[in-house]
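Below: one structure, written as C-alpha cells.
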Amino acid sequence: MTSSVSESIPATQKKLGKTGVLIVNLGTPDSPSTPDVRKYLREFLMDGRVIDIPYLQRFMLVNLIIAPFRAPKSAKVYKELWLPEGSPLKIYGERVEKLLQDELGDAYVVKLAMRYQNPAIEVGLLEFQKMGLTDIIVIPFFPQYASASTGSVYEEVMRVLAKWQVMPELRFVNQFVNHPKFIQGFVQNAQKYMAEHEFDYFLFSYHGLPERQITKGDVTGSVCRFGECCGSLTAMNQHCYRAQCFETTRLLVKALNIPEGKYMTSFQSRLGKTPWVQPYTDDVIKELPGKGIKSVLAFSPAFVADCLETTIEVGEEYKELFEESGGKHWQLVESLNDSPIWIETLVDLVKNA
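In the numbering used here, the protein residues as written are 6 to 358.
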C-alpha cells in the first residue's frame with residue numbers, strides 16, 4: 006500500500022528562523038525646524054500616490070509653492086506639538102516597538118519604520134536581511150486602507166525587496182477597520198469622558214482624500230457613487246477608504262450606544278481646490294452650534310497615534326472654531342498611542358497575518 010503525498014507531510018512543521026515584523030507609520034520631521042519640516046514635506050508630497058498628478062506638475066507644485074510657503078507655518082505648529090524627547094508620533098512608535106517585542110517574544114524581531122523620513126522602511130528591511138530573516142510581516146499603522154497611505158507603504162516595501170537575491174515570504178496587514186480590539190480601544194478612551202460629561206453630539210473626523218483617488222480605487226468602474234455606496238462595507242467596496250471610515254463610525258456608534266441623529270462622519274485636512282471627500286469637518290463644526298449643539302466629543306479614528314492632525318488640528322484648531330461658532334465644550338478622544346489594548350491588537354494582527 007502506498008501513502009499519499011499529504012500523508013507524508015507532518016501536520017505541523019517547525020518554523021526555521023525568526024519572523025520580522027515591520028510596523029510602519031506615516032512619518033514626522035526630524036525636528037520642528039523649518040529646514041527639516043520642508044525636507045519632510047518634500048518627501049511626503051512628492052509621493053505620486055499622495056499627490057497623484059503628473060510628475061512635472063507635482064514637482065513644481067511641491068517645490069515651488071507648497072514646501073517653500075507651508076514649511077515655516079508648519080514648523081511653528083510642530084514646535085507646539087514637540088515634546089522634549091521628540092515628535093509624539095515617533096515617541097509612541099518607539100514605545101510600541103518595545104512593548105510589541107516584549108509581547109511577541111524571541112520568535113519575532115520587531116522594527117519601527119516611517120514611510121517618510123526616519124527610521125526609513127529600507128533601513129528596517131535591510132536589518133531583517135542582515136539577520137537572514139526570510140519571513141516578514143508588514144503592518145501599516147492605517148486602520149482604513151488608502152492608496153496614499155497603506156498603498157504607498159506596499160510600494161516602498163516592494164521597491165526595496167525587488168533588489169534582494171533571496172525574496173522573503175511577505176505578508177501585509179491591509180486594514181483593520183473592524184478589528185474588535187481596535188474598536189474597543191477608542192471605546193475605552195471615549196467612555197472616561199462620557200462618564201464625566203453629557204455630550205450633545207459625537208463627531209468622527211477622518212483624514213480626507215481627493216475624490217478622484219476614491220474614484221480611481223473603484224477598479225470595477227461601476228461601484229463608486231458618492232453618498233450612495235458607503236452605507237455598508239461589502240465585497241465590492243471593501244477597499245474604498247470612505248466606506249471603511251463609515252464602517253469604523255458604525256462600529257464605534259454601536260459599541261458606545263450613540264443614538265441616531267447624534268453623530269456624524271466627516272473628513273479633515275484637505276489641501277488645494279479640487280473636491281475632497283465630504284462632508285468637510287470644518288464646515289460641519291461651524292453649523293453645529295446653530296443647531297443647538299453646545300458640547301461635542303470628537304474622534305480621529307484614522308490615526309492610531311496622536312500627531313499634528315489629532316492633537317493640534319482636531320484638539321485645538323477645531324475646538325477654537327467650535328467655540329467661535331457658539332459652542333461651549335469640545336473634547337478630543339485621544340488615539341490608541343501605546344495603550345495595552347493597542348499592543349493586544351497588534352499581537353493579534355501579527356499572529357493572524
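Note that beta-carbon positions come from the ideal geometry of N, C-alpha and C, so glycine has one too.
query: Straight-line gap, residue 31 to residue 119 (C-alpha atoms, nearest Å); result: 5 Å
query: Secondary structure, beta strand (DSSP E): runs of 3+ residues fully inside the region 60–129; result: 113–121
query: Selection from 29, 125, 27, 37 that minimises the alpha carbon distance to residue 313; result: 37
query: Run of the beta strand (DSSP E) containing residue 140, from where it starts to where it stops; result: 140–145
query: Secondary structure of residue 28, DSSP reduced to three states; result: strand
query: Nearest-angstrom Cβ-Cβ length linking residue 148 and residue 177, presumed shorter than 8 Å; result: So it is not a contact: roughly 14 Å between Cβ atoms.
query: Runs of alpha helix (DSSP H) wholly within the region 282–351 (minimum 4 residues, chain order); result: 286–292, 323–329
query: Per-residue burial, residue 311 [other beta carbons within 10 Å of its own, 16 or more giving buried]; result: buried
query: Neighbourhood of residue 93 by C-beta distance below 6 Å, restricted to the same chain and skipping five residues each side; result: 311
query: Residue 200 versus residue 337: straight-line alpha-carbon distance, rounded; result: 14 Å
query: Buried/exposed call for residue 34, threshold 16 Cβ in 10 Å; result: buried
query: Inter-residue spacing [alpha-carbon to alpha-carbon] between residue 263 and residue 160; result: 39 Å
query: Alpha carbon of residue 44 to alpha carbon of residue 202, nearest angstrom; result: 42 Å
query: As assigned by DSSP and simplified to three states, the class of residue 270; result: strand
query: Given residue 205 as reference, the closest of 330, 237, 294, 134 once Cα atoms are compared; result: 294
query: Local conformation of residue 398 per DSSP, three classes; result: Nothing can be reported for residue 398, as the shown portion of the chain is limited to 6 through 358.
query: Residue 38 - DSSP class collapsed to helix/strand/coil; result: coil
query: Assigned exposure category for residue 21 - 16 Cβ within 10 Å defines buried; result: exposed
query: Every unbroken beta strand (DSSP E) inside the region 203–261 [3 residues or more]; result: 206–212
query: Spatial neighbours of residue 25 in its chain, beta-carbon cut-off 6 Å, leaving aside the 5 residues before and after; result: 114, 133, 138, 141
query: Inter-residue spacing [alpha-carbon to alpha-carbon] between residue 99 and residue 224; result: 37 Å
query: Beta bridge counterpart(s) of residue 166 as assigned by DSSP; result: In DSSP, residue 166 forms no bridge with anything.
query: Length of the line joining the Cα atoms of residue 355 and residue 150; result: 17 Å
query: Integer Cβ distance of residue 284 from residue 216, believed to fall under 8 Å; result: About 13 Å; that fails the 8 Å criterion.
query: First and last residue of the uninterrupted beta strand (DSSP E) at residue 174; result: 174–177
query: Assumed close pair residue 309, residue 158 - CB separation to whole angstroms, cut-off 8 Å; result: The Cβ separation is near 14 Å, so there is no contact.
query: Residues near residue 130 in its chain [Cβ-Cβ closer than 6 Å; skip 5 each side]; result: 165
query: Beta-carbon spacing of residue 335, residue 303 below 8 Å; result: yes
query: Coil, strand or helix - residue 360 by DSSP; result: No answer is possible for residue 360: it lies beyond the span of the chain, which begins at 6 and ends at 358.
query: Buried or exposed by the 16-neighbour rule on C-beta atoms within 10 Å, applied to residue 265; result: exposed
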